[in-house]
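Written below as structure tokens is the structure these notes are about.
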Ligand code: SF4
Ligand code: SF4
Ligand code: SF4
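Chains as they are written, first to last, in the numbering used here: chain Y, 1 to 109; chain E, 1 to 747.
Here is the structure:
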């Protein structure tokens, strides 16, 4: 069976935290239990200050199996305010990566 | 829609709950009268399926164990935190009796009606205040009414209408509509739009446009995600926005890159403006603002030479000294570059379909509330005889003068307060301690809110439990689209602001309000302008874009859609955009923009600056919290547990402060605790911290007030505002402070 994954375009991830709460709501996870966690990177590159954000799916990420079976997008992908997350078959997501810069691909399970 | 035993209802947001200015479409999943899940509505053009953290955490807010779900009356001393549950009947009776008593003894003007922000409050609170007979309605605590009002005043005075960045929000098909064009440039000024949805604007629309090619000019003293994506980041000294705007106008005019046809045909007073901006040379402006001269010149050219260009701005503008003049200068930038009401520019925004959520013309007011109230509005409204603009624009009392009047009893005493969904003490109040002392003395205070907070604890005699948007019927026409909000569930005995105020307003003004039996009747009468009603709107899905006409773009000035006389032009006295403002002249303020230094600054107060050499920036927005709300919501608080202050590492070395250390920020008004976060996001001379911090997990009753006096940063912000118009100039971004270590064992 084809594996699925999440593609994040971290050029546009604004660090809005929506994915984190969407995941907690979807799975009814209490505080301290997270399917996805956001990190902000603030760093200096030569003289320029850079701020990038990137969420990463934890070991609890089940790619929203339940939703997928009902033909719905994962909770995080659907609600992402910057629409910078994609869900799909890894082979399809790789194709997307080839045309999009600043992306990371996750294959959580 | 229904799946198993779950009903799915589409609705539109507007606080309380998410805590925002609302208008996104959300789907509520309801099981046994309980919201069990919230999902973005993919069919709603506003957010297209997206949500934000606060609305996704709605159920933790709605069903929080601390939520107040029954009316309460105080049984101990004020501030002691002893309350007893009472019936609505008793609560209404008590409010009615106590308010009547004050009216009989001192006059209705002796009660102040204080509102918060981000909800459908204008309607309910004005109906109640005016039905009772008081002209004194305002956002008490918000120094200079420094949130959107100064900008609204400037736009109205200049363009005759309000203008907003065009992100296709007036069109059903949004970015796909063939009429639409993406802005080539968006100037993001004093605003971090990705944190929330300010002023009826979905913040991430800016990101949508960036993906479609828009370039960014960022005006912000800090580094944010947005500024790092900007083609130009103008990192100005806080409070010098006025100088920067004037400098950009200078460049655009001197380099002859303004839109000559537009200026010639549609504006008034250009020569005077040209003359005025002459002295604001890029070199001089660079010195004032600390933005390099070259950068000012290039950014101004970039803005002027890339039409369509839009401006997305925020409260930092309103918090500048003389905010009305700063906002005027920024508005001029859009005007002289011909970006008004064109696709991808600054489009004219009017309440959708011409529906206004509450009456404000003198004629309507007289009919509803009688001549006496209208007379009081012109004679007794606080601030109206000091500031012609306060008298002439928006109909709110001047908040800095209001609190002084409460404290001094002059020129007439204030004896009671109706505080509705406004945590004055824990949130917006500059000089928070002064507000506390003054309000504490009032004879009667009713507070409407959803949770106990420092304001309910310290002040309330009666607490009335308010509803979230999932629990109320309401409507909105704030820009676009026209929407209704429908009640889907009931929590405890909570009532909507509309229901509470309608009931009480009827008791004071049965005659004027007898045309409506219910809140829905009232809403229907407001909606009738659009030829629709509540039920019809619900059947249509809850929203509707404005039809072709005066409330839908574009180029309405050319088509005669803006003026009551149907002639081409703008809705101003001259029919043109008034760069030299006749309205400002009428309000006895300078008709042209100028720059004034903040009341506290290295330039204005060099001595004070020696003692307090850091500029404190407060009032930034957060994705997780709306002002002073949401600290008790577990999913949200988990992501930002402590009140932090951003400090540049260089500054930290000077003060011997390490990352994660708890420290004090202080000035002559006191000291406030924060956890240090060392980051290059702020410049060495600046520090930045969120307002609205109180800790719901701490003790509520006095003296603790949920840690209010330890964490309320606006305690350090002085007053009154610094603005000749009476609007703007709250010193939330320009207060001088220093840092100190918390002594061993001390607090
Ligand atoms: S795909 Fe589902 S489980 Fe995985 S992070 Fe997103 S919301 Fe959580
Ligand atoms: S929801 Fe999207 S934009 Fe927001 S933090 Fe997550 S990935 Fe980033
Ligand atoms: S902040 Fe925006 S996305 Fe969140 S509830 Fe309000 S309108 Fe909707």
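Quick reminder that beta carbons are idealized off the backbone N, C-alpha and C, glycines included.
Could one say the Cβ of residue 57 of chain E lies closer than 8 Å to chain Y's Cβ atoms, at least one of them?
So yes, residue 57 of chain E belongs to the interface.
Going by DSSP, which residues form a beta bridge with residue 109 of chain E?
In DSSP, residue 109 of chain E forms no bridge with anything.
Unbroken stretches of the beta strand (DSSP E), 3 residues or longer, contained in the segment 214-250 of chain E:
215-219, 232-234
Residue 691 of chain E versus residue 567 of chain E: straight-line alpha-carbon distance, rounded
47 Å
For the segment 21-50 of chain E, list the beta strand (DSSP E) runs that are entirely contained and at least 3 residues long, ordered along the chain.
25-31, 34-40
Smallest Cα separation from residue 521 of chain E: which of E/659, E/498, E/546, E/509?
The shortest C-alpha to C-alpha distance from residue 521 of chain E to any of E/659, E/498, E/546, E/509 is the one to E/498.
Can you tell me whether residue 818 of chain E is buried or exposed? The criterion is at least 16 other CB atoms within 10 Å of its CB, across all chains shown.
Nothing in the structure corresponds to residue 818 of chain E, since chain E is present only between 1 and 747.
Exposed unless 16 or more other CB atoms sit within 10 angstroms - verdict on residue 4 of chain Y
Per the 10 Å Cβ criterion, buried.
Using a Cβ-Cβ cut-off of less than 7 Å, give me the residues of the segment 2-29 of chain Y that come near chain E, in sequence order.
12, 14, 15, 16, 17, 18, 20, 21, 22, 24, 25
Considering only heavy atoms of ligand 3, does any lie closer than 7 Å to the CB of residue 727 of chain E?
Because no heavy atom of ligand 3 lies under 7 Å away, the Cβ of residue 727 of chain E does not count as near it: no.
With a threshold of 8 Å between beta carbons, is residue 23 of chain E in contact with chain Y?
Not closer than 8 Å to any Cβ of chain Y, the Cβ of residue 23 of chain E fails to qualify, so no.
Mind checking if residue 597 of chain E is an interface residue toward chain Y, Cβ cutoff 8 Å exclusive?
no
Tell me, please, whether the CB atom of residue 81 of chain Y is closer than 8 Å to any CB atom in chain E?
yes
Have a look at residue 129 of chain E and residue 348 of chain E and give me their C-alpha separation to the nearest angstrom.
Their backbone Cα atoms lie some 31 Å apart in a straight line.
Looking only at DSSP bridge pairs, what is residue 51 of chain Y linked to?
Y/42
To be precise: take each residue of the segment 192-204 of chain E, compare its Cβ to all Cβ atoms of chain Y, and keep it if any distance is under 7 Å. Which residues remain?
Under the 7 Å Cβ criterion, the segment 192-204 of chain E contributes 194, 204.
Taking residue 55 of chain Y and residue 33 of chain Y to be in contact with their CB atoms under 8 Å, please state how far apart those CB atoms are, rounded to whole angstroms.
15 Å between Cβ atoms; not a contact.
Rounded to whole angstroms, what is the Cα-Cα separation between residue 310 of chain E and residue 514 of chain E?
46 Å
Members of the segment 35-56 of chain Y that neighbour chain E once the beta carbon cut-off is set at 7 Å:
42, 44, 49, 50, 51, 53
Around the C-beta of residue 727 of chain E, are 16 or more other C-beta atoms found within 10 angstroms, so that it is buried, or is it exposed?
buried
Name the chain Y residues that come within less than 7 Å of residue 46 of chain E, Cβ to Cβ?
Correct list: empty, because the minimum Cβ distance to chain Y is about 12 Å.
Among all the DSSP beta bridges, which residues are the ones paired with residue 655 of chain E?
None, per the DSSP bridge assignment.
Please say whether residue 208 of chain E and residue 343 of chain E have beta carbons closer to each other than 8 Å?
In terms of Cβ geometry, residue 343 of chain E and residue 208 of chain E do not form a close pair [threshold 8 Å].
Checking 8 Å against the spacing of the C-beta atoms, do residue 679 of chain E and residue 646 of chain E come in under that value?
Yes, the Cβ-Cβ distance between residue 679 of chain E and residue 646 of chain E is below 8 Å.
Cβ neighbours of residue 764 of chain E in the same chain (closer than 8 Å, five flanking residues each side left out):
Residue 764 of chain E lies beyond the residue range present for chain E, which begins at 1 and ends at 747; the question has no answer from this structure.
From the DSSP secondary-structure annotation, give me the bridge partner or partners of residue 85 of chain Y.
Y/8
Just to confirm before moving on: does the CB-CB distance between residue 56 of chain E and residue 81 of chain Y stay below 8 Å?
no
Does any CB atom of chain Y fall closer than 8 Å to the CB of residue 332 of chain E?
It does not: the Cβ of residue 332 of chain E has no partner Cβ on chain Y nearer than 8 Å.
Is the CB of residue 95 of chain Y under 8 Å away from at least one CB in chain E?
no
For a test of your reading of the model: does the CB of residue 335 of chain E fall under 7 Å from any non-hydrogen atom of ligand 3? Yes or no.
no
Coil, strand or helix - residue 29 of chain Y by DSSP:
coil
Give me, in chain order, the residues of the same chain whose beta-carbon lies closer than 6 Å to that of residue 643 of chain E; leave out the 5 immediate sequence neighbours on both sides.
Hits under 6 Å: 674, 693, 711.
Find the residues of chain E that neighbour residue 31 of chain Y, judging by a C-beta separation of less than 7 Å, and give them in chain order.
634, 635, 638
Could you tell me which chain Y residues have their CB closer than 8 Å to the CB of residue 680 of chain E, listed as they occur along the chain?
42, 44, 49
Less than 8 Å between the beta carbons of residue 407 of chain E and residue 112 of chain E, yes or no?
no
Contacts of residue 78 of chain Y in chain E (Cβ-Cβ under 7 Å)
Those are 40, 49, listed as they occur along chain E.
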